[in-house]
Each structure stands twice: as C-alpha cells, then as structure tokens.
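Novice: Pasting a structure here, questions to come.
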C-alpha cells in the first residue's frame, strides 16, 4: 500500500476514535465510530487475498448493522426522553439496545461469532489493530452509559468469560485463539464495569499491553498456527523461553502482570456481595488458562522430532523493530509489584 494512503487511513482511524472519545452527543459519537470503520476497511483488504476480502466483508456487514442499531437506539432515546446527551440515558429500552449495538461493535457474547472468523482472515498487524485500537471507542461509550446497577452486564460478562474459554479449547490457529482470548478478557471488563470503571480501565490497559506483546511475538516468528510455534526454539531461543511467560500472563497467573486485574476484579465482586459471580468468573478463567498452557507447551516444551510436521523457515534476520516488543514484554511480565501505584493513579 502507498505510504501516503496508509498515513491518511491511520489518521482517519485515530481521528474517528478521538471524535468518539470527545463527544457528548450521540450523533457525533456515531460519526466517530463510522469514520473508524471506514478507515480500517481498506487496511484490512490491502492484501487482496480472498480470505482478507471475505474477512473485510464480514467485518463491514457486522459494523454497519451495529451502527444502524446504535443510530436507531439513540433516535429512540431522543424520542422517548428528548435527550441526545450520552450521559442522559435513563430509559431502559434504548440503554439495552445501545448495549447490544456496542456489544456487536466490539465482539461481546452472544454476538461475538464474527470476531474469530474476521481475525483469521487478516494478517497479524491488522489483527493487532482490530484487537486493540478498535475496542477503545465503543468501550468509552459503554463506560459513559453505565453508572447504574444492571443484571444485563453481569450476565454478559459471565457469558463472555465462559464462551471465550470454551471456544478457544479446540483451536489450532493462533489468530482464532487470540480472538477467543480477547472475548474472555472483555468478559472480565464488562463484569466489573458498573461497580468500578477504574478497574475496567485497568483491565483494558493490561489487556492491550499483553495482546500487543503476544501479537508481536507471533509476527516476529511468522507463526499462524501451533505447529509453527514448535519450531521457533531453533530461530529465537531467548524469545521462545520468554513467550510462555507472556502467555501465562494473559492467562492471569501470579506473579505476572495479568494476575493484577483479575485479582482486583474478584476482590471488588466479593465486596459487592457477589461471591457466586466471582467464583464462576474464576472457574471460567481456568478454561482460558488451558489453551495458553497448550501454546506454552507447544512452544517451549516440544522439540523436533516430537512436533508435528511444519515447514522449516528460512533463518534470515527479521526487519521488524524489537524495541516495542521488549517494552511490552517487560510490562507484561513485571508490573504486578506496582499494583498500588497503578490503582492509586487510576482512581485519582
């Protein structure tokens, strides 16, 4: 792709998200989301591969449906209450409709099935943008419309953690595994959204850092399925020994960074007298942990000739920058001792 066109599209992507962040009016928020969608579509389809075109078409259809739902719900809210303000959502009907529209935008259960299919058709760089940046604008809107108590969010959160863990169990394609991992992490964020928005923000930030480092590792390895992970020890032994720690951090094991949001969310749920919800969420996290352990085993504990047949890659030096990977990996592994400072910063 022409660098000028790419720069313009990335600028549109950033501008769309920024407009949604800054808006207090539903029409402006909708416009920002639409700019965001229209900017990423050419980036998704730039490979001109049938898989990429199919993924782009699926993404466009789901996002267009969600945008139409969002516009209809905000118009309904204006009709019922006379308010276009995002903060003034009082009627339960438009609130529920907007929640489902934003759920479709991000890929929350039960309208999540497009996300693994779309991510599988994209290259790892575009998949990274879809799994991180594209979640920010809809999440900003969700944070604004949910100050009150809602059973819907608790049900959605538990459903997400369960389906995210369950869906990833049988997958062999890394992009689909990362999509289900994204769904499970979003479940934890949605679960705590109404009780502690600052914890949702913390969970989102840690998810972004961990996902960033995971995608960069797979990109550096040129890995798209489990079989290619098993021969990465011959190319990059140091990175191969660190990657299981990154994956276990995604799974939420102490003493890694991924444990921090899960620990604080479970603590907050028990404070809110929801011990059953906390127990169910902790148990569904074990499902996700299983497929992270499976990836760790394939990468670090299997060596040729025990692995399944995979094409041996050329051992050429990679042109990819390793500084972002080094920074995000350090953050993924070592932020747990800073928990008090981070939580104090977020609650200011």
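Numbering (the UniProt record's numbering), first residue to last: 1 to 348. Where a beta carbon is used, it is the ideal one built from N, C-alpha and C, also for glycine.
Keeping to the same chain, check which residues put their C-beta closer than 6 Å to that of residue 307; ignore five residues upstream and five downstream.
Specialist: In the chain shown, counting from the first residue as 1, residue 307 sits at position 307. With a pLDDT of 48 at residue 307, under the threshold of 50, the modelled position of this residue cannot be trusted; read the value that follows with caution. Within the same chain, residue 307 has close Cβ partners 230.
Novice: Go through its chain and collect everything with a Cβ distance to residue 15's Cβ below 7 Å, but skip five positions before and after it.
Specialist: For the purposes of this step, residue 15 is identified with residue 15 of the chain shown, where counting begins at 1. The answer, listed in chain order, is 35.
Novice: Relative to the alpha-carbon of residue 189, which residue among 260, 124, 166 has its alpha-carbon at the smallest distance?
Specialist: On the chain shown, residue 189 is found 189 positions in, with the first residue counted as 1. Out of 260, 124, 166, 260 has the C-alpha closest to the C-alpha of residue 189.
Novice: Below 8 Å on the Cβ atoms is my contact criterion, and I expect residue 221 with residue 236 to pass it. Report the Cβ-Cβ distance as a whole number of Å.
Specialist: On the chain shown, residue 221 is found 221 positions in, with the first residue counted as 1. On the chain shown, residue 236 is found 236 positions in, with the first residue counted as 1. Correct: roughly 7 Å between the Cβ atoms.
Novice: List the residues that DSSP assigns as beta-bridge partners of residue 85.
Specialist: The residue given as residue 85 occupies position 85 in the chain shown. Beta-bridge pairing links residue 85 to 25.
Novice: Grab me the residues of residue 215's own chain with a C-beta within less than 6 Å of its C-beta, minus the 5 sequence neighbours each way, in chain order.
Specialist: Working through the chain shown from its first residue, we reach residue 215 at position 215. Taken in chain order, the residues that qualify are 124, 128.
Novice: Any chance the region 160-169 sits against the region 133-151, with 3 or more Cβ pairs inside 8 Å?
Specialist: Short answer: they don't touch.
Novice: Exposed or buried, what is residue 134 when buried is set at 16 or more other beta-carbons lying within 10 Å of its beta-carbon?
Specialist: Reading the chain shown from its first residue, position 134 is the one you call residue 134. Buried, by the Cβ-count rule.
Novice: To the nearest whole angstrom, what separates the beta carbons of residue 296 and residue 184, a pair I think is in contact under 8 Å?
Specialist: Your numbering for residue 296 matches position 296 in the chain shown. Your numbering for residue 184 matches position 184 in the chain shown. That belief does not hold up - the Cβ atoms of residue 296 and residue 184 are roughly 17 Å apart, past 8 Å.
Novice: Specify the secondary structure class of residue 225 as computed by DSSP and reduced to three states.
Specialist: Indexing the chain shown from 1 puts residue 225 at position 225. Residue state, collapsed to three classes: strand.
Novice: Can you tell me where the alpha helix (DSSP H) holding residue 135 begins and where it ends?
Specialist: Taking the first residue of the chain shown as 1, we reach residue 135 at position 135. 133-145 is the extent of the alpha helix (DSSP H) around residue 135.
Novice: Residue 69: which of 47, 84, 40, 100 sits nearest, CA to CA?
Specialist: Taking the first residue of the chain shown as 1, we reach residue 69 at position 69. The shortest Cα separation from residue 69 among 47, 84, 40, 100 belongs to 100.
Novice: Kindly list the residues whose CB is nearer than 8 Å to the CB of residue 88, restricted to its own chain and excluding five residues on each side of it in sequence; keep chain order.
Specialist: Against the chain shown, residue 88 aligns to sequence position 88. Excluding positions up to five away in sequence, the list reads 81.
Novice: Could you tell me the alpha carbon to alpha carbon distance between residue 335 and residue 277, rounded to whole angstroms?
Specialist: Against the chain shown, residue 335 aligns to sequence position 335. Against the chain shown, residue 277 aligns to sequence position 277. Distance between the alpha carbons of residue 335 and residue 277: 26 Å.
Novice: According to DSSP, is residue 358 part of a helix, a strand, or is it coil?
Specialist: A query on residue 358 cannot be resolved here, the shown segment of the chain reaching from 1 to 348 and no further.
Novice: Excluding sequence positions up to five away, which residues of its chain have a Cβ less than 7 Å from the Cβ of residue 186?
Specialist: Taking the chain shown and counting its residues from 1, one reaches residue 186 at position 186. So the qualifying residues of the chain are 106, 108, 160.
Novice: Output the boundary residues of the alpha helix (DSSP H) element that contains residue 320.
Specialist: Counting from 1 along the chain shown, the entry for residue 320 is found at position 320. Neither: residue 320 is in no alpha helix (DSSP H) and is coded neither H nor E.
Novice: Just grab the DSSP bridge partners of residue 173 for me.
Specialist: As a working note, residue 173 is residue 173 in the chain shown. Answer is 225.
Novice: Which one of 74, 208, 177 has the shortest CA to CA distance from residue 132?
Specialist: Mapped onto the chain shown, residue 132 falls at position 132. Nearest option by C-alpha distance: 208.
Novice: Can you round the beta-carbon distance between residue 284 and residue 162 to whole angstroms, since I take them to be within the 8 Å contact cut?
Specialist: Taking the first residue of the chain shown as 1, we reach residue 284 at position 284. Taking the first residue of the chain shown as 1, we reach residue 162 at position 162. That belief holds up - the Cβ atoms of residue 284 and residue 162 are roughly 5 Å apart, short of 8 Å.
Novice: For the alpha helix (DSSP H) that residue 249 lies in, which residues bound it at each end?
Specialist: Counting from 1 along the chain shown, the entry for residue 249 is found at position 249. Segment 237-251, the alpha helix (DSSP H) holding residue 249.
Novice: Grouping DSSP H, G and I as helix and E and B as strand, with all else coil, what is residue 273?
Specialist: The count along the chain shown starts at 1 and reaches residue 273 at position 273. Coil.
Novice: Given a threshold of 16 other Cβ atoms within 10 Å of its Cβ, counted over all protein chains shown, does residue 79 qualify as buried or as exposed?
Specialist: Looking up residue 79 in the chain shown gives position 79. Classification of residue 79: exposed, given that the 10 Å Cβ count is below 16.
Novice: Decide if residue 241 is buried, meaning its Cβ has at least 16 other Cβ atoms within 10 Å, or exposed.
Specialist: Looking up residue 241 in the chain shown gives position 241. Counting Cβ neighbours within 10 Å, residue 241 comes out exposed, since fewer than 16 surround it.
Novice: Looking at C-alpha atoms only, which residue of 267, 329, 224, 172 is the closest neighbour of residue 243?
Specialist: Within the chain shown, the letter at position 243 stands for residue 243. Taking only the C-alpha atoms, the option nearest residue 243 is 329.
Novice: How far does the alpha helix (DSSP H) with residue 118 in it extend, from its first residue to its last?
Specialist: For the purposes of this step, residue 118 is taken as the residue at position 118 of the chain shown. Residues 114-120.
Novice: Output yes or no for whether 7 Å exceeds the beta carbon distance between residue 13 and residue 201.
Specialist: Locating residue 13 in the chain shown gives position 13, counting from the first residue. Locating residue 201 in the chain shown gives position 201, counting from the first residue. Taking 7 Å as the Cβ cut-off, residue 13 and residue 201 do not qualify as a contacting pair.
Novice: With DSSP run on the structure shown, which of helix, strand or coil describes residue 307?
Specialist: Within the chain shown, the letter at position 307 stands for residue 307. In this predicted model, residue 307 has a pLDDT of only 48, less than 50, meaning its place in the structure is not dependable enough to derive any value.
Novice: Just to check, is the beta-carbon of residue 114 closer than 6 Å to a non-hydrogen atom of the ligand COA?
Specialist: No copy of the ligand COA appears in this structure; indeed no ligand is present at all.
Novice: Residues in the same chain with beta-carbon distance under 6 Å from residue 233, minus the five sequence neighbours each way, listed in chain order, please.
Specialist: Here residue 233 corresponds to residue number 233 of the chain shown, with the count starting at 1. So the qualifying residues of the chain are 240.
Novice: Would you kindly report the start and end of the unbroken alpha helix (DSSP H) that includes residue 151?
Specialist: Start at 1 with the first residue of the chain shown, and residue 151 comes out as number 151. Run containing residue 151: 151-168, per the alpha helix (DSSP H) assignment.
Novice: By the DSSP assignment, the alpha helix (DSSP H) with residue 257 in it spans what residues?
Specialist: Position 257 of the chain shown, counted from the start, is the residue given in the question as residue 257. It is not in any alpha helix (DSSP H) - residue 257 carries neither H nor E in the DSSP assignment.
Novice: What did DSSP end up calling residue 212 once you bin it into helix, strand or coil?
Specialist: One-based indexing of the chain shown puts residue 212 at position 212. Here residue 212 sits in helix by DSSP.
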